[in-house]
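Colleague: Start counting at 1 in the sequence shown, then tack on 2, and there's your number in this note's numbering.
Glycine residues also receive a C-beta, built at the ideal position from the N, C-alpha and C atoms.
A quick note: this is a predicted structure, and the numbers were derived from the prediction, not measured.
Mind having a look at this structure? Questions to follow.
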Amino acid sequence: MYVKICGLSEPAHVAAAVEAGADAVGFVMTRSTRRVSPGRAAELAALVPAHVLTVGVFRGEDPETVRAAALASGVRAVQLHGRHPHADFVALKDLGVTLLRAVDSTADLRCGAYDEDLLLVDAPHAGSGQPWDWAAVRGRPSGRWLLAGGLAPGNVAEAIAAAGPWGVDVSSGVESAPGVKDPALIEAFLKAVRGAA
Ligand SMILES: O=C(O)c1ccccc1NCC(=O)[C@H](O)[C@H](O)COP(=O)(O)O
């Protein structure tokens, strides 16, 4: 089970995610309480070993803005939230980074339909920490897809059993306060996933 810890903004929390065994870490570079600048994302990404994927998270920006932030931060993946058109993914292909398409359950759930490499199926309001009906997507997404939205150490095993994803993504569920990650919760989340998978 692939695990992405999202919305990191502090070196100690990046270290905690890497130490706990995360496969990917996300830096939000769009409007959010978790927003970091491309420069800050570059500082954080520099702390991450090569086997862990660094992901820049965006929502609604045009491809050139995303490209500039990705290049400035050095992230190895770009995650586009919302109803970005297929053309936005095509426009970013030559960046040579992993492309993630993040959508809610009403979208086209075929991974690769927009030339993305990974699909992320999230709650209607990304980063809100609100659980949703994970079982409703069971069997619908195809290819490599991550489940997100309201996951936490105490419910991620249930969510995996309900939806059957290839991977999971969490932000609010490993925070002690809005926007403040908690190393103990990050470790507990990874343990719960490893115990479930
Ligand atoms: O986290 C945010 O604030 C955010 C804002 C705008 C677009 C995306 C955002 N987060 C993306 C993520 O990958 C989150 O981990 C995912 O939505 C799950 O969030 P949560 O329900 O808080 O675990």
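From the DSSP output, which residues share a beta bridge with residue 56?
Modeller: For the purposes of this step, residue 56 is taken as the residue at position 54 of the sequence shown. Answer by DSSP bridge pairing, in chain order: 27.
Colleague: For residue 44, which residues from the same chain have a beta carbon less than 6 Å from its beta carbon, with the 5 sequence-adjacent residues on both sides left out?
Modeller: In the sequence shown, counting from the first residue as 1, residue 44 sits at position 42. Excluding positions up to five away in sequence, the list reads 75 and 76.
Colleague: Between residue 79 and residue 99, how many whole angstroms is the CB-CB distance? I'm expecting something under 8 Å.
Modeller: Reading the sequence shown from its first residue, position 77 is the one you call residue 79. Reading the sequence shown from its first residue, position 97 is the one you call residue 99. About 5 Å; that satisfies the 8 Å criterion.
Colleague: Which residue comes first and which comes last in the alpha helix (DSSP H) that contains residue 75?
Modeller: As a first step, residue 75 is located in the sequence shown; it is residue number 73 there, counting from the start. From DSSP, the alpha helix (DSSP H) with residue 75 extends over 65-75.
Colleague: With the cut-off set at 8 Å, would you say residue 3 and residue 195 are in Cβ contact?
Modeller: Taking the first residue of the sequence shown as 1, we reach residue 3 at position 1. Taking the first residue of the sequence shown as 1, we reach residue 195 at position 193. Yes; because the gap between Cβ atoms is below 8 Å, this pair is in contact.
Colleague: Identify which residue in 82, 63 and 11 has its Cα closest to the Cα of residue 48.
Modeller: Taking the sequence shown and counting its residues from 1, one reaches residue 48 at position 46. Measuring from the Cα of residue 48, the nearest candidate turns out to be 11.
Colleague: Using a Cβ-Cβ cut-off of 6 Å (strictly less than) and excluding sequence neighbours within five positions of residue 173, which residues of its own chain qualify?
Modeller: Start at 1 with the first residue of the sequence shown, and residue 173 comes out as number 171. Here the set comprises 8, 9 and 129.
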